[in-house]
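Peer 1:
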Amino acid sequence: MLNTAAKPLVKLVDRYLPDPYIFVLLLSIVVFTAAVLFEQQSPLQVLQHWGNGFWGLLSFSMQMLLVLVTGFMLASTPLVTGLLNRLATLAKTAGRAIILVTVVSLMASWLNWGFGLVVGALFAKALARQVKVDYRLLVASAYSGFIVWHGGLAGSVPLTIATPGHFSEAQIGIIPTSATIFSGFNLLLVALLFIAIPLVNYLMQPKAGDSVYVDPAKLQDEVLPQSSNDRPADKLENSLLLAWLVGFAGLAYLLQYFSSGGGLNLNIVNFLFLFLAIVLHGTPKRLLHSLQQAIQGGAGIVIQFPFYAGIMAIMVQSGLAQSMSQWFVSFASAETLAFWSFISAGIVNIFVPSGGGQWAVQAPIMLPAALELGADVNRIAMAVAWGDAWTNLIQPFWALPVLAIAGLKAKDIMGFCLLQLAISGVIISLVLSFV
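Mapping of the sequence shown onto our numbering: residues 19 to 453, in sequence order.
1. Quick check: what's the CA-CA separation for LEU86 versus ALA422?
2. Short of 8 Å in beta carbon distance, which residues of its chain neighbour MET4, apart from the five on each side in sequence? Order them along the chain.
3. Comparing C-alpha positions only, which one of ALA387, LEU439, LYS429 sits nearest to VAL31?
4. Reducing DSSP to helix, strand and coil, say where LEU75 ends up.
5. Classify PRO216: buried if its beta carbon has 16 or more other beta carbons within 10 angstroms, exposed otherwise.
6. Between the Cα of GLY316 and the Cα atoms of ILE383, PHE452, TYR34, PHE415, which residue gives the shortest distance?
7. Note the first and the last residue of the continuous alpha helix (DSSP H) segment covering PHE289.
8. Whose C-beta lies closer than 7 Å to the C-beta of TRP73 among residues of the same chain, with five residues either side of it excluded?
9. Buried or exposed: PRO419, going by 16 or more other Cβ atoms within 10 Å of its Cβ?
10. Locate the alpha helix (DSSP H) running through VAL122, then write down its first and last residues.
11. By how many angstroms is the C-alpha of THR51 removed from the C-alpha of ALA352?
12. Using 8 Å as the Cβ pair cut-off and three pairs as the minimum, do the region 394-409 and the region 347-364 touch?
13. For SER503, which residues of its own chain have a beta-carbon under 8 Å away from its beta-carbon, when the five flanking residues on both sides are left out?
14. On the CB-based measure, 16 or more other CB atoms within 10 Å of its CB, does TYR34 come out buried or exposed?
15. Mark VAL287 as exposed unless 16 or more other C-beta atoms lie within 10 angstroms of its C-beta, in which case mark it buried.
16. Closer than 8 Å is the cut-off here; do at least three beta carbon pairs connect the region 168-178 with the region 151-160?
17. Considering only residues of the same chain and omitting the five flanking positions on each side of LEU436, which have a CB-CB separation below 6 Å?
18. When burial is assigned at 16 or more other CB atoms within 10 Å of the CB, is SER186 buried or exposed?
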């Protein structure tokens with residue numbers, strides 16, 4: 019059914035979508051030009067915004083690289099590989115594999131977005147080793163679950179406005195998560211997407227002649243070569259005791275952290291992945307061998323994230339992001355503000371791919387408009403959150419860890435993601451506007 023609609027999109031994207039690095043270079047030029055033309059900024063001013071902000075995402079870049087590396091290391095342990103493979107045996111057909119990977123990714127992303135990205139990609143590889151299925155659609159399905167993250171437990175916008183002392187507290191007070199994440203309209207929206215996204219992915223399956231399959235042997239991790247144990251250094255590299263002393267110390271810290279009420283965030287997810295990998299690999303040598311395999315896929319993150327930081331700096335400091343948001347607000351009413359907030363957030367997200375950063379840009383515009391028009395502030399905040407999550411489907415920035423783990427390029431999955439974007443956009447818009 020939907021394969022008829024997806025097929026031309028897949029061909030279009032495959033032909034014209036460049037490598038994500040080229041995409042970010044073009045995006046930089048577009049934003050630079052727009053700031054000069056629409057914000058009356060001189061080229062020198064825009065250049066200063068860009069250069070001053072170029073390294074603004076260094077901490078986040080390292081976190082994202084560690085999401086990829088620690089997730090890969092954990093997945094390559096014998097225990098996790100075995101669990102994923104056994105779970106993958108539940109999928110006896112290509113259609114079941116598509117549905118299963120989508121549901122698992124949706125569940126993991128709702129809990130934590132970093133967890134969802136890694137789990138979805140790793141499970142897609144495990145399924146591809148078990149079932150003959152279009153690998154592009156399988157990985158696109160794994161990535162599609164990411165759409166629910168901002169309506170879930172780690173959503174940065176709802177968590178920000180629920181935190182005492184947030185920058186908008188004087189305007190809107192503290193809004194508990196019961197009015198945002200656990201509100202009726204948000205839970206309904208999440209439930210609808212849990213039904214619609216797997217169904218859409220299932221119906222996009224290409225015919226056998228159009229499918230792209232992958233050799234399961236190419237998805238297997240390299241076997242660790244045998245090493246001698248003659249030198250004292252060899253004994254340390256193969257020491258189970260050394261690995262377990264450090265590994266269990268890290269897990270003990272996590273136990274104390276969670277027992278004292280700590281929650282999931284990106285640093286904790288990376289910490290958990292790393293120390294589980296240390297324990298489950300058994301020896302430092304096995305862990306380091308896995309690290310060498312994992313790090314090969316991180317080049318895109320290292321080179322591209324600084325460019326996105328520069329783009330974000332231009333958008334914020336030139337006033338371009340604020341102007342875009344104000345334009346949408348200018349013709350909104352109390353009834354339509356949630357819809358236009360969602361659309362504007364989706365557009366801004368292409369250039370400012372950071373939930374917290376985007377809220378800092380749009381909140382000073384959207385919140386006063388909501389109060390002036392008498393719109394539901396809670397709904398407007400979640401509309402911005404959902405807009406941020408929505409266009410991640412076509413933003414290579416967030417797909418990089420998934421693509422690196424899966425061994426694909428952005429053009430391989432983005433055609434399917436375009437159709438997911440259109441259908442999910444309709445669902446989100448209707449719920450935000452009428453429920």
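Beta carbons are placed, not taken as given, at the ideal position from N, Cα and C, and that holds for glycine.
Peer 2: Let me spell this out:
1. Position 68 of the sequence shown holds residue 86. Position 404 of the sequence shown holds residue 422. So the alpha carbons of these two residues sit roughly 8 Å apart.
2. Lying before the first or after the last residue shown, residue 4 is absent from the chain, which here runs from 19 to 453.
3. On the sequence shown, residue 31 is found 13 positions in, with the first residue counted as 1. Out of ALA387, LEU439, LYS429, the CA that lies nearest to the CA of VAL31 is found in LYS429.
4. Counting from one through the sequence shown, the residue named residue 75 turns up at place 57. It is coil, neither helix nor strand.
5. On the sequence shown, residue 216 is found 198 positions in, with the first residue counted as 1. Residue environment: PRO216 is assigned as buried (16 or more neighbouring CB atoms within 10 Å of its CB, all protein chains considered).
6. Position 298 of the sequence shown, counted from the start, is the residue given in the question as residue 316. Taking each of ILE383, PHE452, TYR34, PHE415 in turn and checking the Cα distance to GLY316, the smallest one comes out for PHE415.
7. As a first step, residue 289 is located in the sequence shown; it is residue number 271 there, counting from the start. Per DSSP, the continuous alpha helix (DSSP H) segment holding PHE289 begins and ends at 284-299.
8. Counting from one through the sequence shown, the residue named residue 73 turns up at place 55. When the five nearest sequence neighbours on each side are left out, the beta carbons in the same chain lying within less than 7 Å of the beta carbon of TRP73 are those of PRO324, ALA327, in order along the chain.
9. Within the sequence shown, the letter at position 401 stands for residue 419. Label assigned to PRO419: buried.
10. Taking the first residue of the sequence shown as position 1, residue 122 is located at position 104. Its alpha helix (DSSP H) spans residues 112-129.
11. Along the sequence shown, one-based indexing puts residue 352 at 334. Along the sequence shown, one-based indexing puts residue 51 at 33. Approximately 33 Å between the Cα atoms of the pair.
12. Output reads yes: the region 347-364 touches the region 394-409.
13. Nothing can be reported for residue 503: it is not among the residues displayed for the chain, which extend from 19 to 453.
14. One-based indexing of the sequence shown puts residue 34 at position 16. So TYR34 ends up on the exposed side.
15. Indexing the sequence shown from 1 puts residue 287 at position 269. The residue is buried, with at least 16 neighbouring Cβ atoms inside 10 Å.
16. Contact annotation: the region 168-178 does not touch the region 151-160, with fewer than three C-beta pairs closer than 8 Å.
17. As a first step, residue 436 is located in the sequence shown; it is residue number 418 there, counting from the start. In chain order, LEU27 place their CB closer than 6 Å to the CB of LEU436, counting only its own chain and leaving out the 5 sequence neighbours on each side.
18. Sequence index remark: in the sequence shown, residue 186 carries index 168 (1-based). The residue is buried, with at least 16 neighbouring Cβ atoms inside 10 Å.
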